[in-house]
Each structure stands twice: as C-alpha cells, then as structure tokens.
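Some notes on the structure that comes next.
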Amino acid sequence: YETVYLAPLAGEVLNTWQQALAEKKMQFSLHIPEDAFVQADRGFLSIILDNLASNAIKYGQPGGKLAITWDPARQSLDVKDDGPGISPDQQPFLFDRFYRADASRNSNVQGTGLGLSIVKKLAALQHIRIEVISSDKDGATFRLYFSSPASLS
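Quick note on numbering: my numbering labels position 127 of the sequence shown as 127, and the sequence is numbered without any gaps.
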C-alpha cells in the first residue's frame, strides 16, 4: 500500500468524466479536504472510483448531481448520485457479475454488469468494505470504509 491523497485522486477521476458530466448537465462536487489520505493501492482505488463515478453519471438524472464526500469520523468515502435509486430487494445482487438492477435504473443505459463486481473484488483486496445506501427513489450512495489508518482531517 501507499499513501493516497483522496482529493487529487477523486479530481483526476472526475476530470476523465468531464464530457459525460457536461452532456448530462450534471453538477459535481468534491467534499474532501486536501490533506485527507488513506493507505491503499492507488491504481486499484482509481479503478474503484472510476467505476462508481461512471455508474453515478450513467444513472444520475440529467441536470442532477454527483457528489464525492470524505467522512473522517467514519473513515469513509461516499460516491452519491441522484438517480432513480436501487430497491432494497435488488441491493444484495449488485456486486454479482453480470447483474444489472431492474429497468427503473437500467433504461437506456449501456453496460455489462461487471463494474460493481470489479469494484467489490478490488475493494476486498485492500480490506475496504463497501456498502450501498439507497431506496428505490432517492438515488444511490456507494460508501467505501477504509480499515487502514487514514488522516484525521
């Protein structure tokens, strides 16, 4: 593992999605102190954030919001969209390979159903716990809990 500063990494990931964000007229916000860091594999963490940001943009509402937020008390990083949400009965299967949630979240969205299974595997390799917080109407938050020492910021 290495020291990974979260704000620059999240900024780099979002920069790769600038065009998609602009096309959907989505606003994005980073709520991460500049000195917030974790011990992780930077490449793996970049892939995790890229997949979560991609999903947030795909499923987010046109003109909606994407937020990435660090919570130092929980040592967690949230990636939140304001899309249609994910019903509780779908959530246990989200990280299964090739699984795609029901049509309310799927309509007109391309994908293979592999992204979240990759996220889960890469997170597990780094002892990062991931959970989804969503109802079927309030968008989705994917929360990454870091077990390694992180900054107190």
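Glycine included, C-beta positions come from ideal geometry on N, C-alpha and C.
**Message:** Tell me the rounded alpha-carbon separation between Ile68 and Asp82.
**Reply:** Numbered from 1 along the sequence shown, position 68 holds the residue referred to as residue 68. Numbered from 1 along the sequence shown, position 82 holds the residue referred to as residue 82. Distance between the alpha carbons of Ile68 and Asp82: 12 Å.
**Close Cβ partners of Leu116 (< 6 Å) along its chain, the five nearest in sequence each way excluded** = To locate residue 116, count along the sequence shown from 1; it is residue 116. Contacts found: Leu94, Phe95.
**Prompt:** Tyr5 lies in the beta strand (DSSP E); which residues open and close that run?
**Reply:** Counting from one through the sequence shown, the residue named residue 5 turns up at place 5. Where Tyr5 is concerned, the enclosing beta strand (DSSP E) stretches over 2 to 5.
**Message:** As an exercise, report each continuous alpha helix (DSSP H) stretch of at least 4 residues that is fully enclosed by the region 41 to 81, in chain order.
**Reply:** 42 to 59
**Request:** Hey, could you find the ends of the alpha helix (DSSP H) Leu116 is sitting in?
**Result:** Translated into the one-based positions of the sequence shown, residue 116 becomes position 116. That run of the alpha helix (DSSP H) goes 115 to 125.
**Request:** State the CB to CB distance for the pair Leu6 and Ala53, rounded to an integer number of angstroms; the pair is presumed to be in contact (CB under 8 Å).
**Result:** Locating residue 6 in the sequence shown gives position 6, where the first residue counts as 1. Locating residue 53 in the sequence shown gives position 53, where the first residue counts as 1. Leu6 to Ala53, Cβ: 13 Å. No contact.
**Prompt:** First and last residue of the beta strand (DSSP E) that includes Gln27?
**Reply:** Your numbering for residue 27 matches position 27 in the sequence shown. Taken as a continuous stretch (DSSP letters only), the beta strand (DSSP E) holding Gln27 covers 27 to 31.
**Asked** Would the beta-carbon of Leu9 fall within 8 Å of that of Leu49?
**Response** Taking the first residue of the sequence shown as 1, we reach residue 9 at position 9. Taking the first residue of the sequence shown as 1, we reach residue 49 at position 49. The answer is yes: Cβ separation under 8 Å.
**Prompt:** Roughly how far, in whole angstroms, is the beta-carbon of Tyr145 from the beta-carbon of Gln39, given that I think they are within contact range, below 8 Å?
**Reply:** As a first step, residue 145 is located in the sequence shown; it is residue number 145 there, counting from the start. As a first step, residue 39 is located in the sequence shown; it is residue number 39 there, counting from the start. So it is not a contact: roughly 13 Å between Cβ atoms.
**Prompt:** Would you call the CB atoms of Ile86 and Ser46 closer than 8 Å?
**Reply:** Counting from one through the sequence shown, the residue named residue 86 turns up at place 86. Counting from one through the sequence shown, the residue named residue 46 turns up at place 46. The answer is no: Cβ separation not under 8 Å.
**Message:** Is the beta carbon of Lys65 closer than 8 Å to that of Met26?
**Reply:** The residue you call residue 26 lines up with position 26 of the sequence shown. The residue you call residue 65 lines up with position 65 of the sequence shown. Cβ atoms of Met26 and Lys65: closer than 8 Å.
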